[in-house]
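FYI, in UniProt numbering the residues of the sequence shown are 1 to 182. The beta carbon of each residue, even a glycine, is placed where N, CA and C say it ideally should be. The structure appears below as structure tokens.
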Amino acid sequence: KLKDQQEREIAHILLDCCLQEKTYNPFYAYLSAKFCEYEKRFQITFQFSIWDKIRDLGSLSTTAFSNLVKLVTHLLKTKWLSLTVFKVIEFSDLDKPKVQFLRQVLSALFLETEQEVLNHIFEKLADNPKLGMLHEGLKLFLTHFLMKNTQAHPDIKEGGLLKDKIDLVTQTLKAKESKVKL
Numbered sequence: 001k002l003k004d005q006q007e008r009e010i011a012h013i014l015l016d017c018c019l020q021e022k023t024y025n026p027f028y029a030y031l032s033a034k035f036c037e038y039e040k041r042f043q044i045t046f047q048f049s050i051w052d053k054i055r056d057l058g059s060l061s062t063t064a065f066s067n068l069v070k071l072v073t074h075l076l077k078t079k080w081l082s083l084t085v086f087k088v089i090e091f092s093d094l095d096k097p098k099v100q101f102l103r104q105v106l107s108a109l110f111l112e113t114e115q116e117v118l119n120h121i122f123e124k125l126a127d128n129p130k131l132g133m134l135h136e137g138l139k140l141f142l143t144h145f146l147m148k149n150t151q152a153h154p155d156i157k158e159g160g161l162l163k164d165k166i167d168l169v170t171q172t173l174k175a176k177e178s179k180v181k182l
């Protein structure tokens, strides 16, 4: 049995090792997922560690930034992290690193994840009334930052797929909103 401090250290060390790799190594994402599977508390610990990195995105090296994007994307699409990982982002005051981070994570998430899984990920957010601000912030980001970029996507087919998936997720979010209001 590990002490709380040791559990936190495991999450911090895994995250730091992942970010220090010259190229992204999915080993850290799989190992992180195993810890989360073993004990739910690890999900919270990883989320706090990732929040610290998100708050400090501007100081990360290009490689560390890229590795964080890939790690967060992996943990989101495998459902070991939820969209609450973006709770620390102030959507009304986005700086360039946060816009870039969100754009890369969400684009990868949309392109690499089956529609059914995507709907589930976003429905969990829409189902929680306490996450209204995050819900609204993500919805705005999807339409204003991500959707606008689909036309400029270097791969026309991928850009179209991205647009279709964003449309479906925003419809899902709006449908959930109507049910909540009734």
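Check this for me: beta carbons of residue i and residue j, under 9 Å apart or not?
i, j, result
"I10", "F42", "yes"
"R8", "F35", "no"
"L71", "I50", "yes"
"T78", "A33", "yes"
"L125", "L138", "yes"
"L2", "F46", "no"
"L109", "L161", "no"
"L131", "K87", "yes"
"F122", "V169", "yes"
"S66", "Y24", "yes"
Count the other CB atoms within 10 Å of the CB of residue i; is the residue buried (16 or more) or exposed (fewer)?
i, result
"L142", "buried"
"Y38", "exposed"
"K165", "buried"
"K98", "buried"
"L182", "Residue confidence is low: L182 scores 47 on pLDDT, short of 50, so the model does not pin down where it sits. No coordinate-derived value is stated."
"L140", "exposed"
"S107", "buried"
Measure the beta-carbon distance from residue i to residue j and round it to whole angstroms, keeping in mind my assumption that it falls under 8 Å.
i, j, result
"L68", "L19", "6 Å"
"residue 190", "L134", "What is shown of the chain runs 1 to 182, which leaves residue 190 out entirely."
"I54", "I89", "6 Å"
"E158", "L81", "So it is not a contact: roughly 24 Å between Cβ atoms."
Exercise. Of all the beta strand (DSSP E) runs that stay within the bounds of the segment 21-85, which reach a length of 3 or more residues?
Worked result: Correct list: empty.
Exercise. What are the uninterrupted segments assigned as alpha helix (DSSP H) that are 4 or more residues long and contained completely in the segment 123-176, given in chain order?
Worked result: Listed in chain order, the complete alpha helix (DSSP H) runs (minimum 4 residues) inside the segment 123-176 are 132-141.
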